[in-house]
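Data first, discussion second: the structure below is written as structure tokens.
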Amino acid sequence: VIFFNRKLSPMVLDGTEPASTFVYATPENLAKTRRWIETVDIGIGAPPNNALEFAIELEPDAVYLLTDGVTKVDVAAHLQEINRTESLFGEPRVLTPIHPIAYYSLEGQQLLRRIAAENNGKFIYVPDPRR
157 VIFFNRKLSP
167 MVLDGTEPAS
177 TFVYATPENL
187 AKTRRWIETV
197 DIGIGAPPNN
207 ALEFAIELEP
217 DAVYLLTDGV
227 TKVDVAAHLQ
237 EINRTESLFG
247 EPRVLTPIHP
257 IAYYSLEGQQ
267 LLRRIAAENN
277 GKFIYVPDPR
287 R
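Just so you know, this note's numbering puts 248 at position 92 of the sequence shown, and the rest follows in order with no gaps.
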């Protein structure tokens, strides 16, 4: 789990250092994750580029990008650079599928749909349950 706003906040389960590898979703680790999430200050967001780079470098099976998609930076173009490798035939290949999830707002959906389409992902919209 990586939060991004004015600074990058990777998940910290024990102590003060971010987890350096993946952790299993055991009941104990899920409880630690919940406690850590409650300590993270949510602020005005910044472009997710640094968080995406950090996540992709961990070589996960997939990345779930929870955001409103509103940014002045072309995140999709950035992903074209950092989320590609070459196949055996020299063709570009996506390293990690990116699944954008838009919460409550469709304002940035055009960018999020592009990110999903270009990175073997699926765009998901979660509407505001209060409406």
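For glycine and all other residues, C-beta sits at the position ideal for the given N, C-alpha and C.
To which residues of the same chain is residue i closer than 7 Å at the C-beta, ignoring the five residues directly before and after it?
i, result
"F160", "G201, A202, P204, N206 and A207"
"L186", "none"
What is the residue span of the alpha helix (DSSP H) that residue i lies within?
i, result
"T252", "Where T252 is concerned, there is no enclosing alpha helix (DSSP H), given that its DSSP letter is neither H nor E."
"E263", "E263 -> no alpha helix (DSSP H), and no H or E assigned at all."
Between which residues of its own chain and residue i is the CB-CB distance below 8 Å, once the five residues before and five after are set aside?
i, result
"F178", "L214 and P216"
Tell me where the beta strand (DSSP E) around residue i begins and ends.
i, result
"F279", "Counting along the chain, F279 falls outside any beta strand (DSSP E), and DSSP gives it neither H nor E."
"F159", "I158 to F160"
Less than 8 Å between the CB atoms is what I'm expecting for residue i and residue j, so what's the real figure, rounded?
i, j, result
"G264", "A272", "Actually they are not in contact, since the Cβ atoms of G264 and A272 sit about 12 Å apart, beyond 8 Å."
"N275", "L235", "6 Å"
"P211", "I158", "The identity of residue 211 in the sequence shown is Ala, whereas the question assumes Pro. With a Cβ gap of about 6 Å, A211 and I158 count as contacting."
"P166", "A218", "So it is not a contact: roughly 17 Å between Cβ atoms."
"R270", "A232", "5 Å"
"G277", "P248", "The Cβ separation is near 16 Å, so there is no contact."
Taking the alpha-carbon positions, what's the residue i to residue j distance?
i, j, result
"V250", "I238", "9 Å"
"Y180", "L268", "28 Å"
"R286", "Y260", "10 Å"
"T172", "F245", "44 Å"
"D224", "Q266", "11 Å"
"R240", "D230", "16 Å"
"K188", "D197", "17 Å"
"T195", "D170", "13 Å"
In chain order, what residues of the same chain have a beta carbon less than 6 Å from the beta carbon of residue i, not counting five sequence neighbours either side?
i, result
"V282", "Y259"
Return no unless some Cβ of chain D is closer than 9 Å to the Cβ of residue i.
i, result
"P216", "The chain inventory of the structure shown lacks chain D, comprising one protein chain alone."
Beta strand (DSSP E) runs contained entirely in the segment 171-242, provided each spans 3 or more residues | Within the segment 171-242, complete beta strand (DSSP E) segments of at least 3 residues are found at 219-223 and 240-242, given in chain order.
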